[in-house]
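Residues 0 to 85 in numbering that gives the first Met the number 0 are what the sequence shown lists, from first letter to last.
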Amino acid sequence: MPIAVDIDVMLARRKMSVGELADRVGITPANLAVLKNGRAKAVRFATLAALCEVLKCQPGDLLRWEAEEAARDKTTTRRQQSDHVR
0 MPIAVDIDVM
10 LARRKMSVGE
20 LADRVGITPA
30 NLAVLKNGRA
40 KAVRFATLAA
50 LCEVLKCQPG
60 DLLRWEAEEA
70 ARDKTTTRRQ
80 QSDHVR
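Structure, rendered in structure tokens:
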């Protein structure tokens, strides 16, 4: 998908855990993980606004567009890394 999600970057900058962010935003850690890992098909503006409020950032700090080719290369790399761990 050409939209990359950088929630993990903001979590690291804010020294916040996924569980803490999920709790403060009001979503489940599982749903936050789906969003964080780029597996979500959509995100509600209310959720995006809550993420930005808690992380004190702009939507562009969390989401960015990538060319299809770059996104495909990252997916292939992740799969290769996952296969290597098994």
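The C-beta atom is built at its ideal place from N, Cα and C for all residues, glycine as well.
Worksheet item: For VAL109, does the three-state DSSP call read helix, strand or coil?
Response: With the chain covering 0 to 85 only, the question about residue 109 has no answer from this structure.
Worksheet item: Going by the beta-carbon positions, is the gap between ALA3 and GLU65 smaller than 9 Å?
Response: yes
Fill in: Endpoints, the alpha helix (DSSP H) within which ALA32 is located
28-35
Worksheet item: From ALA39 to ALA32, what distance separates their C-alpha atoms?
Response: When rounded, the distance between both Cα atoms is 9 Å.
Fill in: Integer Cβ distance of ASP60 from ASP5, believed to fall under 8 Å
7 Å
Practice prompt. Pick out whichever of PHE44, ALA48, ALA21 has its Cα sitting closest to the Cα of LYS35.
Written response: ALA21
Discussion item. Closest to VAL24 by C-alpha separation, out of ARG13, MET9, GLY37, LEU54, would be which residue?
Written reply: Ranked by Cα distance from VAL24, the options ARG13, MET9, GLY37, LEU54 are led by LEU54.
Discussion item. Here's a check: name, in chain order, each residue in its chain whose Cβ is nearer than 8 Å to the Cβ of VAL17, leaving out the five neighbours to either side.
Written reply: LEU10, PRO28, LEU31, ALA32, LYS35
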